[in-house]
Each structure stands twice: as structure tokens, then as C-alpha cells.
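As C-alpha cells, the structure follows; a few thoughts come after it.
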Amino acid sequence: MKDFFSHIKADKKEYLIEHLKNTADLASYFASSFGGGIVAEQAGLLHDLGKHTEKFQGVLDGSVHGIDHSAVGAEYYWNTISYENENAFLADDPFLAQVICNVIQSHHSDLHGALDERAAYCSDYMAYPDFSIDRNITDNHKENALKSSEELDRIKEYVKDNDLLKVIPDETLGDMTAEAKMLYERMIFSCLVDADYSATATFYEGTDYRAYKDERILDTKSLLNKLRIYRDMKGYGSSDSGLNGIRNKVYKCCEKAGRELSAGLYTLTAPTGTGKTHALMKFALEQAKKNGQKRIFVVLPFLSIIEQNASEYREIFGEENCIEQDSQTEIPEEIKLYSDRWDYPIIVTTSVSFFETLCGGKASKERKLHNIADSVVVFDEAQTLPSYLLDVTMKTLEALPGYFNTTVLLSTATQPDYKLRVALHDLNITEIMPDVQGIYDEYSRVRKLEISSEVKKCSTYEELSEVYGSSQQLFVFNTTDKALKMFELLRDKYDEGNCFLLSSSLCSEHKSDTIKEIKKRISEGRQCYVSATQCIEAGVDLDFPAGMRECAPLPSIIQTAGRINRNGISTGKFHVFILDDSGENGYPGTTYRNESFVTKSLINTMGLDINDNEIGDKYYRQIFSGDADENSDKAEISEAVKGLDTHRLYENYKLIENDEELNIIVPYMSDRFDSIYKELSHKNFCISKKEMTAVRNMTVRLYGNRKIKEFLERHCRQLSAKSRDLDNEIPVNWYIVEDAYIYDPKEGLLKEEKEGGCVF
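Laid out in C-alpha cells, this is it:
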């Protein structure tokens, strides 16, 4: 009998049956936390049946190319459990059968195949030889590995001889909401993909696949003790007066809720500057201890601040317990083993990475999704969810505690009333702060802030700089271009040493150092003028006596105001403004612009009291109840959910319109940069996954278009990565700067060449 292999390398071959069983074992283990073990195991046992073909064995020896082996296992399984077949008892629920077929056929690409009613009524929906596989699952339309009915018969015998079919009990998927069913399918997909990638990696590395079962699980007792020691050392919680008293109340509220509540969907509404970073972690640790959850996710709105938060958590809990994993890097199939796994006890990530994984579909990115199950997820400043994705996002979050033992806490100073949305009127969500308005009233008595009663219109940046005349001022803009223009004016007016720019053009190490210098100058009473983008709105603990914010969505206005007189030292001054050049291109997007107009109208009508929830209520009532486009998800999303079409949802679920990510290693720390450049040059500029992680704090992330790529081609070198067989080098969306002058010590990565020319 001919042997069939799954992988080969120069000195070793892996038998197909070994890979199928190893993958099934891992997939079952990964899915056991949410009761999907048997479903994931069945998918694992059949996922690579297409390798039991002559065509695929030819792929391994290099004689055949362009073969799709993924469809075969799905084709075989659907024929086997079809309702006129003697094996129909294997899967009582047709939805579960579809889940298994969909994840098998998609495990090397995007998740395809809708969960629709055809499964219940059409026994020949995927009947051989007219198996209804979506042929668009690969970019190059590969040829099906299965060439004949005789070869299919041999596969049937192989399955029977190796006992690869399991009885799937009814998992009551029919009782789930549409969003929950789709999330369940993505979870099973994630378990299969991670198991396949991990089992494959152990073959090439010569290690035991069972090592992937030795997870770094949360030690809540130890970490709670570390948090207590850190807070005692810093003197937190030692005073019950003033702002410290309010911070203690928020902390104790989170502690109590964490200890008492079951897994659920919750909100925490508290003013900016009330110590939510520690309070959220206290809640998460207490929840994990009570509910036996094994992981904590801290989700932040901006990439620019996760390094700062993760650094503090590492200081408290140790390097071995915390990691920031936020990459949206496109991982080609040839280097899929580079993809993130989210397998640390504490993961700090961004809302873009989290939500585009939660509602995603690309195999390499979905690999990590299943680790959200059986965890605690806390969102710091959750108001950044876009309205056109809000319904599906909130209903998917609601499914996490219902079916996956995952607690979700949405924390913000400006909590939306989600139930104003037509589709969310019955959302099961609970506030954990017992007296929200009471905490705001107390906060307003302690922290004094003079706020202009209307939005001020300024004709020039010069006029804007003269509004307060303070020697320490913060100016926040909607775009990097305007923030840069203001910085240039401030630099010319007050001397470069006294002026700073904070934007996405700075790498995280540069940004952290800049924030440290700003804090030092403020504490010493020295001149300090900062021009910034919205990256300063969350997780950045700055305290200016005066500040101005370009008109923006109300949550952004309130977040910036939270950086003025943050510690209640004196009476702060704050102003909202618009510039004459705030036209169509003066906003990050259409929704952002429309919500800014709502903010402007409300402030000019009723003034701005950041501690009165009435303006927030009116803001969200207009956003959610006015324009029909703002009161529901965009049509493509709604239709995808209605049709249980996971792939269509993935294609249309984008938090960033231009999502082609470009990562540029910049020469901020010259000695270290020179060392990195030299090391990469010795390897033909081939970067490893470990090196990608090591240089993240020296990396600027851009979202690309043709002009940006042309600029990078002139001034940077594109990097590559080794394929899994280590024979090929595959280009990736990583670059390293070659012309050092394009990274400015104040401005970061320049947006145009100094002598004119290409503009991003």
C-alpha cells in the first residue's frame, strides 16, 4: 500500500495520519473551553484528506503545482453525512455539519460558506461530483486535488481504516442568535487553523506538538498580590480625599464587581483621570479568579498608546505575564507560522486588531481568535466603536459571555446608550458603577475647569496660538497634517526645544520619550507647547493648565479635556475650536465629520459641561436616532448577518478604510538601529517573527496607498521572511529606512522630502 505524507523536508517525512491526528488533538483541546471539542476534532481529522491524492503527493516532490487540497475533506464529509446517506446519524445538526465543511475547505484561505437553510433540505447541496465548493477561496483558483471517484473511494477506505469519523451530538446551535452562530463558526475555524499551524511547526522544528497544550495560564492569586504590592509601593489608595478619594471609589467598585459578578457584558462609566488603568485590571483579575477564566485582554483605541500601558503592566506583573500583540501584518500563506497566537496571560492590543479578529475571516489572523474564549476582555475608552459596525459588534460581544465564558467590560468617560439603537433595544448589558452621575458631580467639585460656552472659529494657526497665552499649552487636531502645521508655527515662535509633536509619525519609543520629557517640563514649570493628534486622547497621563481641541466627536472632546488640570492642582482652561481649513479633508472620515457637526451644534446650543451626562445623552440620541445610516449597520453588514454569511461579514467589517498595513523600522535610536540594519543585511534583509516583535518600539505603522509605497521604495528597503520549508524568502509588508534623514528627531517619519517632491 502506498504511503501518503503531509509534509516533507530534507531529512524527514511526516505521515498524513500523524498530522491529521495531531491536528485533531490540538483542535479539540483548543475548543474544549467552549464545548466545541468534538466538532473541532472532527474538522482536524479530515482537514487534510486532500493530501491523500496523487496530485498532492506530486506537490510534495515538486512535480505538480497549483493544487487545492482543502476542498477534498469538506467534499468527503458532506457526502458522508448527507441526509439520504446511511451515516446521517454522525451529525444531527445540519448547521454543525456545515461548520465542519466550511472550516475544512477554508483552512488555508478566508472562511467561506454561508450557514444557510440549504443544509436542512437539500441532501445533494454538496454531492459529488457537483460539490458546491466556492472556487474563489484561493486567489489563484487552484485545481482540486481530487481527480476521480475511484480516488474518493480510496479516501473513504482510508477514513474507515483509521477511524476518522466521529458522532457529533446536537450542540443546540439553533438556539443561538445569528451573530453567535457566526462567532461559533469562526471559533471552530480558529481552533483548526491554530492546530494545523502549530502541528506543522512542530514537524519542521522537530518538537512535540503537545507543547502547545502547556499554556501560560493566568495565576490570579500571584498577580493580584503583585498589583497590591505595586500600588502600595506607589502610594496609591493611601488617601480618601480629593481626586485620590474618587480614584479609590472607582477602584473599589471594580474590585467588588469583579468578585461578585458572573461572566457577562458590562459597562464602567467614570470620568477621565480616575485611575481606570489599575481599576480595570483589578476587575479583570477578580473576575478571572471567580469564573476560572484563563486570560485577560486589555483593548485600547490607539496603537500609539499600547506600548505605554503594556510597559506598566510588565513592570507590575513581569515580562513573562504580559505582551502587546496588535499586528495587522498580512501574513502570506508561505510564512503563516509567523502569525500571532494571543497565548499570554495578559494581552494588550488595539481595538482594530481585536475587532477585526473577532469579526474576521482570514486564516492567519483568525488563528488567535479562540484564545478570547474563557477570558476577561476590558476595553479602555470603548466609545471609539464606529456607528456603522455597532450592531453586529455589540451582539457579537454579547455572545461571548453567553456561549464562551468570556466577560466583557466596556469602560469610558462617555458611555453610549447602546439601547437607543433599534437593533440593540434588548441588549443584555449592565453598568457596574452604582451612581454614575454622583461620581461625576463629586469629580466636578474637585477638578476645576473653565470651558468656553461655544465653539471658537479661528482663521489662522497664529490666532489659535494666542487664545490663552499660557506657557504650557496642549493643541489637539483631527489630522496629522494640521498637527504638523501647528507644531511648525510653535517651533518658530517659542523655540524648538520648548515644542513637541505627538502623532502616529513617531515610533512608540520616540513617543514614550517625548511624553516623559513633556511630563518633566510641566512638573518643573518650564515652557511646554504640544501639538498632537487624537493619539493623546486615551492612556496618556498628561496634565496641562490650558488646552484646545479641534471640534470632533464628543467623546474625543471630553477625552482631551481630561488632559487639562487632570490632577485638580488649579483651575484649567479649555476651548473647542474649528479652523477655516477644516473642510472635507479636515476629518479622518465621513462618520467622524458628521459626528463632529453634531458636537458643534450641541456645544453652541447648551455649552459644554464634561461632567454632566445630559450632553452625552443628547449626543448619542442624535447619533443613534437621527439619520437612518447612523441608527443601523451599513447594508452590507446587515445583509451578511441576515444571511449568516461569515465571509461577506469579514469582507465588509473594516475599522480602517485603507487596511494595507506598512511597518517601517526607523532610525530613532541610532546605535540600536545600526545594529539591526547590519544584522538584517547579513541575512539578505530577511526578518524573523522574533525580530518583528523585538523592533516593534522602533516601528512606524502606516496604512498604504500608491504614493506611500513609491516613497518607501525610494528611501527604504523592503524586507522578506523565510517560508516554512526555509527554502524561499517571501516579501512582507515590512521596511527598514535607508535614508536616515526621512526620520526627524522632532517630527518623526517625514511626510514629504525636505526639498519637495513625493508626498505621502
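Heads up: the sequence shown begins at 839 in the numbering used here, then just goes up one per residue.
All C-beta atoms in this analysis are idealised placements derived from N, C-alpha and C, irrespective of residue type, glycine included.
Note that this is a predicted model, so its numbers are computed, not measured.
- Look at the segment 1392-1470 and you find these whole runs of alpha helix (DSSP H), each 4 residues long or longer: 1392-1399, 1428-1444 and 1451-1463.
- In the three-state DSSP reduction, ASN1522 falls in the coil class, being neither helix nor strand.
- Counted as a single uninterrupted DSSP element, the stretch harbouring CYS1029 is not any beta strand (DSSP E) but the alpha helix (DSSP H) occupying residues 1016-1043.
- VAL1538 has ILE1502 as its beta-bridge partners, per DSSP.
- ASP1330 has its alpha-carbon roughly 44 Å from the corresponding atom of ALA1559.
- For the pair LEU1262 and ASP1450, the Cα-to-Cα distance works out to about 24 Å.
- Residue pairing by DSSP leaves ASN1159 without any beta bridge partner.
- In this chain, the beta strand (DSSP E) harbouring ASN1571 covers 1567-1575.
- The beta carbon of GLY1276 sits closer than 8 Å to none of the beta carbons in its chain outside the five residues before and after it.
- Residue environment for TYR1506: buried (at least 16 other C-beta atoms within 10 angstroms of its C-beta).
- Excluding five sequence positions before and after LEU1493, the CB atoms of its chain that fall closer than 8 Å to its own CB belong to SER1189, VAL1190, PHE1193, GLU1194, PRO1224 and LEU1227, given in chain order.
- For ILE1374, no beta strand (DSSP E) segment is defined, and its DSSP state is neither H nor E.
- Non-local beta-carbon contacts of HIS945 in its own chain, meaning distances under 7 Å to residues more than five positions away in sequence, involve HIS885, SER908, LEU1030, VAL1031, ASP1034 and ALA1201 in chain order.
- Under DSSP, the beta-bridge partners assigned to HIS845 are GLU852.
- Per DSSP, reduced to three states, the secondary structure at GLN1253 is coil, with no helix or strand assignment.
- Between the segment 1242-1252 and the segment 1382-1398 there are three or more C-beta pairs closer than 8 Å, enough to call the two in contact.
- Our two residues, GLU1355 and LEU1339, have alpha carbons roughly 12 Å apart in a direct line.
- Annotated as proximal: ILE1185 and PHE1135, with beta-carbon spacing under 8 Å.
- Taking 8 Å as the upper bound for CB-CB distance, ASN1571 and ASN1501 are in contact here, some 6 Å apart.
- Here GLN1556 carries a strand assignment [DSSP, helix/strand/coil].
- Distance from the CA atom of GLY1198 to the CA atom of GLU1548, rounded to whole angstroms, is 29 Å.
- For MET1386, the secondary structure class from DSSP, reduced to helix, strand or coil, is strand.
- Distance from the CA atom of ASP1319 to the CA atom of VAL1293, rounded to whole angstroms, is 21 Å.
- Here THR1484 really is in contact with LEU949; their C-beta atoms are around 5 Å apart, less than 8 Å.
- The segment 1267-1319 is shown to contain whole beta strand (DSSP E) runs of 3 or more residues at 1286-1289, 1294-1296 and 1310-1314, in chain order.
- Distance check between VAL1284 and each of GLY1410, ASP1351, ASN1209 and LEU1417 places GLY1410 closest, using alpha-carbon atoms only.
- The shortest CA-to-CA distance from ASN1082 to any of VAL1368, GLY1113 and ASN1147 is the one to GLY1113.
- In the DSSP assignment, no residue is bridged to LYS1004.
- Scanning HIS845, ARG1364 and LYS1349 for the CA closest to the CA of SER1308 turns up ARG1364.
- The shortest C-alpha to C-alpha distance from PHE1412 to any of GLU1433, ALA1384, SER1508 and GLU1388 is the one to ALA1384.
- Here the segment 1040-1059 makes no contact with the segment 1264-1276; the two share fewer than three CB pairs at distances below 8 Å.
- Counting other Cβ atoms within 10 Å of its Cβ, HIS890 reaches 16 or more and is therefore classed as buried.
- Per DSSP, the continuous alpha helix (DSSP H) segment holding TYR996 begins and ends at 987-999.
- Around the beta carbon of GLY1111, 16 or more other beta carbons lie within 10 angstroms, which makes this residue buried.
- Per DSSP, the beta bridge partners of ILE1185 are PHE1135 and ILE1161.
- Boundaries of the alpha helix (DSSP H) around ASP1070: 1058-1072.
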